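As structure tokens, the structure follows; a few thoughts come after it.
2 protein chains.
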Amino acid sequence: MSTTTGALRDIRIQDSFWSDYIRLIRDVVIPYQWEALNDRIPDVEPSHAIQNLRIAAGEEEGSFYGMVFQDSDVAKWLEAVAYLLESEPDAELQRMADAVVDLIAKAQREDGYLNTYYQLKEPGNEWTNLCECHELYTAGHLIEGAVAYWHATGNTKILDVACKFADYIGTVFGPEPGQIHGYDGHQEIELALVRLYRATDEERYLQLSRYFLDERGRVPSFYDREHEARGHTHHWESDFMIKKKSYSQAHAPIREQQTAEGHAVRLVYMCAAMADIALESGDASLLKACRNLWNNIVTKQMYVTGAIGGMAQEESFTLDYDLPSDTAYAETCASIGLIFFAQRMLKLEPDSRYADVMERALYNTVLGSMSRDGKHFFYVNPLEVWPKACGVNHVYDHVKTVRQGWFGCACCPPNVARLLASLGQYIYMTNDSTVYTHLYIGGEADLMVGDNRITLKQHSELPWQGNVQLGIRTDAEKGAMFTLALRVPSWCTSMHILINGVPYMADIDNGYALIRRTWMDGDRIDLSIPMEVLRLKGHPLLRETGGKVAIQRGPLIYCLEETDNGEHLHRLYVGSFQAAETVFEQNVLGGVQVIRMEASRLSDENWNGELYASNVNSLFEPATATFIPYYAWANRGEGEMAVWVRER
Amino acid sequence: MSTTTGALRDIRIQDSFWSDYIRLIRDVVIPYQWEALNDRIPDVEPSHAIQNLRIAAGEEEGSFYGMVFQDSDVAKWLEAVAYLLESEPDAELQRMADAVVDLIAKAQREDGYLNTYYQLKEPGNEWTNLCECHELYTAGHLIEGAVAYWHATGNTKILDVACKFADYIGTVFGPEPGQIHGYDGHQEIELALVRLYRATDEERYLQLSRYFLDERGRVPSFYDREHEARGHTHHWESDFMIKKKSYSQAHAPIREQQTAEGHAVRLVYMCAAMADIALESGDASLLKACRNLWNNIVTKQMYVTGAIGGMAQEESFTLDYDLPSDTAYAETCASIGLIFFAQRMLKLEPDSRYADVMERALYNTVLGSMSRDGKHFFYVNPLEVWPKACGVNHVYDHVKTVRQGWFGCACCPPNVARLLASLGQYIYMTNDSTVYTHLYIGGEADLMVGDNRITLKQHSELPWQGNVQLGIRTDAEKGAMFTLALRVPSWCTSMHILINGVPYMADIDNGYALIRRTWMDGDRIDLSIPMEVLRLKGHPLLRETGGKVAIQRGPLIYCLEETDNGEHLHRLYVGSFQAAETVFEQNVLGGVQVIRMEASRLSDENWNGELYASNVNSLFEPATATFIPYYAWANRGEGEMAVWVRER
């Protein structure tokens with residue numbers, strides 16, 4: 120049974136909430152990024168990525184500049200462009216991208232190799248430092264971009280580049296004598312090769328992906344072997360990437376890893392590939408490993424915003440129930456990778472808890488990482504910010520209190536671009552008999568369910584109100600028989616369904632309301648999903664959330680900002696939720712639902728200036744707590760912010 | 120009016136609590152340190168400090184090893200030995216120390232200069248990097264050690280070394296053309312020169328100390344000038360000490376500094392010198408500056424344990440009300456420096472709030488920094504420890520969960536040794552008409568008050584019970600007229616006084632109960648200081664302490680340990696203090712008063728494995744919270760510890 124999310128060209132998002140963001144990607148982010156890649160943005164760190172390719176292609180003289188994985192920025196840009204072109208043709212944009220494809224092809228070495236860092240800066244040292252130098256990671260992004268661009272435009276030149284490179288990699292790596300028995304320090308090639316397999320039907324790509332996964336974490340360590348072979352040199356300032364195997368999930372074979380360890384982005388990229396291979400091969404041990412890692416992340420190591428990776432140093436997971444709000448790293452790319460992982464798990468076993476996490480990461484961390492102008496981004500997404508301490512107390516050195524224009528390591532902005540440009544692929548999933556609706560995002564989708572081609576039209580008032588209408592269009596005169604599986608979000612207690620105006624009691628299976636019937640053209644489903652203000656608590660083992668609550672309404676996590684609540688947010692204690700007032704304020708942050716509730720503010724009137732005192736009863740003043748959606752924070756200047764709030 | 124704390128030889132501590140610790144210093148710490156300085160302790164970082172001196176003295180061949188301030192370890196050892204010898208002669212110990220004096224004298228250069236780092240490793244570069252290289256800091260410790268040793272033993276050779284060095288420094292630094300108009304990056308010379316002035320009555324030492332204080336923070340920066348003059352080199356890996364002027368309190372003239380900034384030890388050493396100069400000179404602007412910095416520290420930047428300097432990076436203060444418990448740096452030396460500062464402020468203006476802080480730092484952070492065996496030490500003194508996260512989450516990399524044998528930068532253990540060896544100097548203070556009792560520590564003290572020589576005999580049950588007896592001995596047949604000023608500790612509501620068995624209502628002035636009368640030989644004062652279990656709260660602006668309480672009884676801050684309370688200490692919420700039970704347990708930690716009280720433990724029974732949930736009421740199980748004194752933590756293996764505890 121094949122499961123598909125549908126091609127982007129068949130899914131047209133028309134949504135009062137999301138269309139603006141996707142428009143931003145097309146009109147602002149992609150052109151801005153193009154300028155950045157060409158070093159035409161003043162006062163930001165130079166990229167040099169296009170120029171590196173030009174030099175490698177022999178079109179210019181010069182030397183390499185940038186990170187070892189600088190090429191990947193071009194590949195991710197190309198991938199995002201591909202999704203935009205697939206959704207909506209644009210001749211000018213395609214002309215630019217075609218020129219990039221030509222450049223990439225020209226830069227490719229005769230044998231298929233392509234990596235401007237090694238070609239220009241360390242020729243002869245290719246494949247000598249997989250642990251640190253992202254060589255296969257960069258190849259993976261090139262392959263992902265190539266597959267997406269070929270898929271969107273039919274450009275076979277870029278697919279040929281990808282195949283030629285992958286084939287070359289297949290000669291270099293593998294179990295045979297004379298081949299390198301190794302893998303990359305940063306997972307990415309693994310999921311890219313699955314995409315190439317799906318595009319070409321060439322089994323060898325699937326096998327190579329599987330080979331990389333299976334090699335990972337074997338003893339003795341490949342990292343140590345290659346380290347010794349190259350004379351114990353290391354690329355970065357410290358050699359911890361080589362020494363600390365868990366940093367890149369190479370401390371144990373992947374099937375034996377029970378907890379999420381190390382660099383968060385690497386882990387979720389690896390998990391996405393594991394799920395891909397499990398789906399393609401039916402490997403039950405891989406599926407089990409995926410479930411273990413998934414469960415560890417979401418039940419012990421995930422922020423309420425869908426962010427993961429709590430530690431700035433090493434951009435890493437730490438240990439179960441260690442989720443500090445203010446020193447959080449919570450990298451944007453890691454939440455994007457978590458969405459990749461969730462989407463693949465849904466294909467393996469449709470269960471709304473995967474979609475719930477996907478929605479949580481999307482509406483909160485990923486959306487919150489980009490400013491409303493599309494030109495500023497967060498790399499780090501803390502759940503609590505005290506601007507006065509940032510820049511003073513060095514534990515906050517990684518925290519930015521406002522979004523930044525660009526980054527020296529610019530992985531996050533292009534990742535947001537390619538995710539939002541391909542958002543259509545996360546909404547629906549179909550197989551022979553069922554159409555799943557994972558996300559309530561408006562638009563039209565042409566879907567194949569079994570032999571039936573249908574069009575599903577969705578109108579959604581999310582995230583502000585839980586009203587959704589779905590309309591079925593089918594040419595089949597006798598209708599189309601299939602199950603419509605509608606996700607019941609975790610944030611609602613019950614979901615009311617009308618079919619053509621008549622109440623319907625659906626069976627709920629793994630978090631989806633199932634409606635199996637012969638659907639006729641013009642059938643209409645009305646969903647009413649209650650959106651209450653939820654008072655979230657953290658698991659008792661979480662040290663950070665004790666005595667505190669977080670506010671959620673619909674898919675959105677809320678936060679307090681200084682702008683609305685004054686400084687010293689920690690003095691605000693929320694009280695009863697009974698009288699919580701939810702108001703859509705058109706003039707706030709482009710229009711958001713604001714939540715106000717009774718609160719108390721800890722007073723210092725009964726303090727005489729001492730820092731500590733006994734026999735002082737806490738004195739509270741009545742106050743109002745005003746919450747805004749977390750994703751919208753830091754759009755009104757710098758100020759304190761907090762997701763977790765004390766309660767009385 | 121001269122104020123004195125009395126000579127150590129006149130103060131004999133005989134105290135059921137403290138005598139053991141002082142005995143440890145004599146029997147264990149000082150011999151252990153001597154072995155360390157001579158590189159005879161296996162498996163710890165070598166010191167080489169004595170050998171550096173031998174090489175400089177021409178007694179051995181070899182090269183310098185260690186920190187630029189390695190000599191100061193020998194000087195601090197000598198100072199601690201001096202205090203021990205002054206308190207109780209020991210011919211063998213004195214013989215060893217005399218040999219060290221001979222060695223130091225032999226290592227001194229003809230012109231008076233003495234610093235083995237520069238003499239052996241960078242001859243010719245003396246005085247070219249005051250900002251980073253601790254040259255005057257090292258000189259200061261030598262002078263302090265010399266004065267103490269001369270005072271204890273009458274050894275004039277070491278005083279001559281000190282004077283010759285100080286005189287040489289006086290030719291190098293000063294306002295005249297051709298002199299260096301600068302100061303040291305690490306304050307210490309300033310307070311040392313005041314001690315040398317008091318020992319010799321030579322005004323020029325006082326003037327030089329004052330010169331260094333007055334130069335500090337002038338614009339353009341001395342650091343920048345010397346940096347440029349030596350060709351922009353820097354000694355340490357990073358040049359931040361040069362760039363970040365506030366790190367060493369050189370960002371503004373000292374009288375303009377309103378808040379405690381930068382490296383905590385440097386700040387309090389500077390403040391101690393400022394107070395010294397204010398006392399000697401009557402400089403009101405300096406006294407005002409001392410008060411400003413004192414108030415900022417104790418009302419905005421001090422932990423409840425008397426620790427200061429919350430940030431590991433740069434060992435620094437951060438900003439007002441930023442006192443994280445778990446990432447605290449809270450260096451032992453900084454609390455010792457705070458005690459130095461407090462003692463000097465007491466001389467300037469007797470006020471119990473200075474003595475309260477002195478007591479707080481002494482009984483909690485300083486005492487807690489040393490193990491009960493006298494061979495293990497904390498450099499960092501956190502208020503909350505989660506051992507599982509240490510070594511995993513790098514924000515805790517500076518935290519040790521158990522005391523260590525020695526340190527590469529071994530500033531703290533010798534500092535504890537010299538403080539405890541001189542503890543007698545912190546108990547009393549006399550002037551023409553008053554005897555102040557700052558600390559309730561048992562023993563006998565021969566004191567001059569005006570023209571009267573008296574002996575004050577103290578018996579104290581602190582810190583376990585608030586019973587204190589003071590006995591007066593005087594040879595004066597008609598008695599001695601003076602005021603006995605007895606500190607009323609901040610932790611008691613009232614102090615009951617009996618004089619010769621008769622209740623006495625004393626006037627309270629600046630926190631001291633004043634008893635002015637003609638004291639006769641054999642007069643006896645009984646103090647009863649109620650020791651209730653205090654429920655401390657933190658100022659409402661402290662983010663860390665919201666919703667939490669700390670337990671204090673007498674001078675001791677208490678904490679929870681995993682050994683007594685099980686893991687996950689954060690789940691324990693204390694309830695009513697009414698039924699708090701205080702029991703002296705002879706078998707716990709060598710005998711401590713343990714506090715037990717009703718508590719609730721947050722249960723996870725109503726959790727289904729999710730990390731976040733709405734509509735979950737917090738469920739509590741009855742529990743008992745067992746508190747031990749903070750100073751005694753981590754003496755029973757590794758485990759969680761917490762000072763601040765949630766309350767219900």
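Here the protein sequences line up with chains H and C, keeping their order.
Positions 120 to 767 (the working numbering) are the ones given, in order, by the first sequence.
Positions 120 to 767 (the working numbering) are the ones given, in order, by the second sequence.
No residue lacks a Cβ here, since even glycine has one placed at the ideal position from N, Cα and C.
Computed from a predicted model, the values in this text were never measured in an experiment.
Relative to the ligand ATP, is the shortest distance from any of its heavy atoms to the C-beta of residue 482 of chain C smaller than 7 Å? Absence of the ligand ATP from the depicted structure is noted, as is the absence of any ligand whatsoever, leaving it without description.
My output table needs one value for residue 628 of chain C: the three-state DSSP class, helix, strand or coil. strand
Quick one: is residue 189 of chain H near chain C, going by C-beta distance under 8 Å? no
With a threshold of 6 Å on Cβ separation, who are the neighbours of residue 153 of chain C within its own chain once the five nearest residues in sequence on each side are excluded? none
Just to confirm, are residue 583 of chain H and residue 703 of chain H a CB contact at a threshold of 8 Å? yes
Within 8 Å (strictly less), CB to CB, does residue 540 of chain C reach chain H? no
Proximal residues to residue 441 of chain H (C-beta, below 7 Å), its chain only, five neighbours per side dropped: 429
Would you be able to state if there are at least three C-beta pairs under 8 Å between the segment 205-220 of chain C and the segment 554-567 of chain C? no
Indicate the three-state DSSP secondary structure (helix, strand or coil) for residue 674 of chain H in the structure shown. coil
Three-way DSSP call (helix, strand, coil) for residue 603 of chain H in this model: strand
Do residue 722 of chain H and residue 659 of chain C have their C-beta atoms within less than 8 Å of each other? yes
Please identify the residue among H/724, H/715, H/682 whose C-alpha is closest to the C-alpha of residue 753 of chain H. H/682
Less than 8 Å between CB atoms is the rule here; does residue 507 of chain H satisfy it with respect to chain C? yes
Within its chain, find whatever has a CB closer than 7 Å to the CB of residue 770 of chain C; leave out the 5 residues flanking it on each side and keep chain order. As shown, chain C starts at 120 and ends at 767. That puts residue 770 of chain C outside it, with no answer to give.
What is the DSSP secondary structure of residue 539 of chain H, reduced to helix, strand or coil? helix
Sheet register partners of residue 579 of chain C (DSSP bridge): C/587
Measuring straight from C-alpha to C-alpha, what distance separates residue 734 of chain C and residue 586 of chain H? 23 Å
Report yes or no: is there a C-beta of chain H within less than 8 Å of the C-beta of residue 662 of chain C? yes
Quick one, which residues of the segment 742-766 of chain C are near chain H if we go by CB-CB under 7 Å, in chain order? 765
Which chain H residues are close to residue 701 of chain C, counting only those with a beta carbon under 9 Å from its beta carbon? Within chain H, no residue comes near residue 701 of chain C; the closest Cβ sits about 15 Å away, beyond 9 Å.
Report yes or no: is there a C-beta of chain C within less than 8 Å of the C-beta of residue 290 of chain H? no
Under the DSSP definition of a beta bridge, which residues are partnered with residue 565 of chain C? C/574
Are residue 306 of chain C and residue 389 of chain C touching if we call contact CB-CB under 8 Å? yes
If you run the structure through DSSP and keep just helix, strand and coil, what is residue 441 of chain C? coil
Residue 760 of chain H - DSSP class collapsed to helix/strand/coil: strand
Which residue comes first and which comes last in the alpha helix (DSSP H) that contains residue 341 of chain H? 341-348
How long is the line joining the alpha carbons of residue 472 of chain H and residue 417 of chain H, rounded to whole angstroms? 10 Å
Neighbouring residues, chain H, relative to residue 432 of chain C (Cβ below 7 Å): 513
Is the Cβ-Cβ distance between residue 354 of chain H and residue 229 of chain H less than 8 Å? no
Drop a sphere of 10 angstroms on the beta-carbon of residue 161 of chain H, count the other beta-carbons inside from all chains shown, and report buried for 16 or more, exposed for fewer. exposed
From residue 485 of chain C to residue 541 of chain C, what does the alpha carbon distance come to, in whole angstroms? 14 Å
Whole angstroms is fine: what's the gap from residue 645 of chain H's alpha carbon to residue 125 of chain H's? 23 Å
Going by CA-CA distance only, name the one from H/387, H/595, H/716, H/373 that's closest to residue 405 of chain H. H/373
Taking 8 Å as the CB-CB cut-off, is residue 731 of chain H touching chain C? yes
Residue 606 of chain H: which of H/599, H/632, H/163 sits nearest, CA to CA? H/632
Following the continuous alpha helix (DSSP H) through residue 271 of chain H, name the residue where it begins and the one where it ends. 254-272
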